[in-house]
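Novice: The following block contains the structure, expressed as structure tokens.
Protein chains: 2
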Amino acid sequence: MARTVGSVGTKTFDEVRKAALYLFARHGYASVSMRQIAARVGVQAGAIYNHFPNKQALLSDLLTQHMRELIEACEARPTSKLPLNALEQFVRFHIRYHIDRADEVFIAYMELRNLEPENFREVQVLRQRYERVLRDILRDGAKAGAFEISDAPVAGMAIIAMLTGVNTWFRYGGRLSVSQIEEIYVKMVMQSVGVFEPTALLGALMEENA
Amino acid sequence: MARTVGSVGTKTFDEVRKAALYLFARHGYASVSMRQIAARVGVQAGAIYNHFPNKQALLSDLLTQHMRELIEACEARPTSKLPLNALEQFVRFHIRYHIDRADEVFIAYMELRNLEPENFREVQVLRQRYERVLRDILRDGAKAGAFEISDAPVAGMAIIAMLTGVNTWFRYGGRLSVSQIEEIYVKMVMQSVGVFEPTALLGALMEENA
DNA sequence: TAATTAAATGAACGTTCGTTTAATTATGTG
DNA sequence: CACATAATTAAACGAACGTTCATTTAATTA
Chain A
2 MARTVGSVGT KTFDEVRKAA LYLFARHGYA SVSMRQIAAR VGVQAGAIYN HFPNKQALLS
62 DLLTQHMREL IEACEARPTS KLPLNALEQF VRFHIRYHID RADEVFIAYM ELRNLEPENF
122 REVQVLRQRY ERVLRDILRD GAKAGAFEIS DAPVAGMAII AMLTGVNTWF RYGGRLSVSQ
182 IEEIYVKMVM QSVGVFEPTA LLGALMEENA
Chain B
2 MARTVGSVGT KTFDEVRKAA LYLFARHGYA SVSMRQIAAR VGVQAGAIYN HFPNKQALLS
62 DLLTQHMREL IEACEARPTS KLPLNALEQF VRFHIRYHID RADEVFIAYM ELRNLEPENF
122 REVQVLRQRY ERVLRDILRD GAKAGAFEIS DAPVAGMAII AMLTGVNTWF RYGGRLSVSQ
182 IEEIYVKMVM QSVGVFEPTA LLGALMEENA
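In order, the protein sequence lines correspond to chains A and B. Heads up, the working numbering is the position in the first sequence plus 1, with the first residue counted as 1. Heads up, the working numbering is the position in the second sequence plus 1, with the first residue counted as 1.
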């Protein structure tokens, strides 16, 4: 096997992905050498080329794979017909997923510019598909009078930025639990779109984690 | 002059800073070579070392300088005693400043990890001083009953992430003007902390840009 | 005008980079 | 067990990296 991302799922393939993810997230794509990745796997640099044609393919694989899994998980999330509940469910999903996959999320934002044009476009399309989920919830909710927002696209970008920002400061073992953080963000997002009364769903979950 | 950041304010010094800012923002610190920076200035790579001792000092200078100017501008912004107005003024300042200095803001977030420990700490201290401004507004406002927030530190980080996120999508000449974007974000932030009625200040500015 | 200093050049330094190649080892199938 | 194939190693490639340095050029001061 050589010159292509083909040995999917084999032991070394997965270990190379994992090592690259770890190192890219901590030091950045451009600062990490193939030799460093190989050393972390316990192998020589040349061995990586049996699983990935080059360094760029390794980055591209990590990013597109992450975006695909994000979308897949997002489509499998619980969703209500009520815009209000749908938004809350999206927020909970996004916060949880982005805390669980901190490294993947981080490089998906930081290393976009190190993707060659074709790979960049592929990731960009996937990202836009994800952002559209929230934008549609907001648009439908605004149309139904459930939300008080000036502009659904901007509101969507603002909310995603707010939520994803949790990754820049959250660390396990800190002052707040994941559940507590989730509640804080849910409340802020709901309020930001003009929803002030706790919903049944919101109220029940706040009791649960009180 | 050599081996130190000493030729501050000279022509080439400023041009090197500007070229580095431009290139770091677009391609990332690690991906930009001293030769590329020099070429953009119209000079040979060695000439840069008459103004900066090394590449790291160039990055560090850009980041600390940016943070200092941000804090200086922040301290010069209009500020009300009323938490509600103070928050609105902070939001307007932050949005404007971060749209005006897109490149500086971008590298201040993206290239932190490429700073050596000592330089990193310096920038981090400045960043925390800035974040504290918003946190104090939120804390005081919450104490006075002006805001409906669960946790001032988290709310502060969430709001800053939301506002700074404008840099990832805003481009001049787009669908919305800077003023319109400012209004949208002001409204979202005020609502996110539980403020729903347009204030006098908010109302007046919305009229102005209607 | 002469002396001094600053700035820039152009070549070179040692090192590291991503990647390739030939030889060797491991693996799995008849 | 033999044999084919896949995986890995160790060495090497040319290119590019940050940085240094002797020297030249330009500007300033004496």
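Beta carbons: idealized from backbone N, C-alpha and C, even for Gly.
Just to check, is the beta-carbon of K82 (chain A) closer than 7 Å to a non-hydrogen atom of the ligand SAH?
Specialist: Of the ligands one can find in the structure shown there are none, so the ligand SAH has no counterpart to examine.
Novice: Would you call the CB atoms of G157 (chain A) and E183 (chain A) closer than 8 Å?
Specialist: No, the Cβ-Cβ distance between G157 (chain A) and E183 (chain A) is not below 8 Å.
Novice: Residues of chain A with CB under 8 Å from S32 (chain B), in chain order?
Specialist: Per Cβ cutoff of 8 Å: A31 and N115.
Novice: What are the residues in the region 134 to 162 of chain B lying within 9 Å of chain A by C-beta distance?
Specialist: Flagged, chain order: E149, I150, S151, D152, P154, V155, A156, M158, A159, I160, I161 and A162.
Novice: Using a Cβ cut-off of 8 Å (strictly closer), state whether Q214 (chain B) contacts chain A.
Specialist: Residue 214 (chain B) is absent from the model: chain B starts at 2 and stops at 211.
Novice: Give the range of the alpha helix (DSSP H) segment to which V9 (chain B) is assigned.
Specialist: Taken as a continuous stretch (DSSP letters only), V9 (chain B) belongs to no alpha helix (DSSP H), as it is neither H nor E.
Novice: Would you say E184 (chain B) lies against chain A (beta-carbon separation less than 8 Å)?
Specialist: Judged by the 8 Å Cβ criterion, E184 (chain B) is in contact with chain A.
Novice: On the DSSP letters alone, give me the boundaries of the alpha helix (DSSP H) that L127 (chain B) sits inside.
Specialist: Per DSSP, L127 (chain B) belongs to the alpha helix (DSSP H) from P118 to K144.
Novice: Could you give the distance in angstroms between the alpha-carbon of K144 (chain A) and the alpha-carbon of F14 (chain B)?
Specialist: Between K144 (chain A) and F14 (chain B), the C-alpha separation is close to 54 Å.
Novice: Please state if the CB of S193 (chain B) and the CB of I161 (chain B) are separated by a distance shorter than 8 Å.
Specialist: Cβ atoms of I161 (chain B) and S193 (chain B): not closer than 8 Å.
Novice: Apply the 10 Å Cβ neighbour rule to G166 (chain B) and answer buried if 16 or more other Cβ atoms are within range, or exposed otherwise.
Specialist: So G166 (chain B) counts as buried.
Novice: Just the C-alpha distance for F94 (chain B) and K12 (chain A), rounded to the nearest angstrom, thanks.
Specialist: Looking at the two C-alpha atoms, the distance is approximately 52 Å.
Novice: Between the region 37 to 48 of chain A and the region 80 to 96 of chain A, do three or more beta carbon pairs fall short of 8 Å?
Specialist: Output reads no: the region 80 to 96 of chain A does not touch the region 37 to 48 of chain A.
Novice: Closer than 8 Å, CB to CB, is Q192 (chain B) near chain A or not?
Specialist: So, interface residue.
Novice: Under three-state DSSP, which class holds P79 (chain B)?
Specialist: Coil at P79 (chain B), not helix or strand.
Novice: For R4 (chain A), decide whether its Cβ has a neighbour in chain B, counting only Cβ atoms nearer than 8 Å.
Specialist: Only weak support exists for where R4 (chain A) lies, its pLDDT of 40 falling under 50; the value from the coordinates is given anyway. It does not; no Cβ of chain B falls within 8 Å.
Novice: Which of the three DSSP states, helix, strand or coil, is assigned to G157 (chain A)?
Specialist: Reduced to three states, the DSSP call for G157 (chain A) is helix.
Novice: Can you pull the chain B neighbours of H95 (chain A), defined as C-beta to C-beta under 9 Å?
Specialist: By Cβ distance, chain B contributes nothing, its closest Cβ being about 13 Å from H95 (chain A), past 9 Å.
Novice: For the region 36 to 59 of chain B, list every residue whose C-beta sits within 8 Å of some C-beta in chain A, in sequence order.
Specialist: Within the region 36 to 59 of chain B, no residue qualifies.
Novice: F197 (chain B): buried (16+ other C-beta within 10 angstroms of its C-beta) or exposed?
Specialist: Exposed.
Novice: Along chain A, which residues have their Cβ under 7 Å away from the Cβ of K188 (chain B)?
Specialist: Those within 7 Å of K188 (chain B) in chain A are S151.
Novice: If I'm right that L24 (chain B) touches I38 (chain B) with Cβ under 8 Å, what's the distance once you round it to whole angstroms?
Specialist: Rounded, the Cβ-Cβ distance is 6 Å, consistent with contact.
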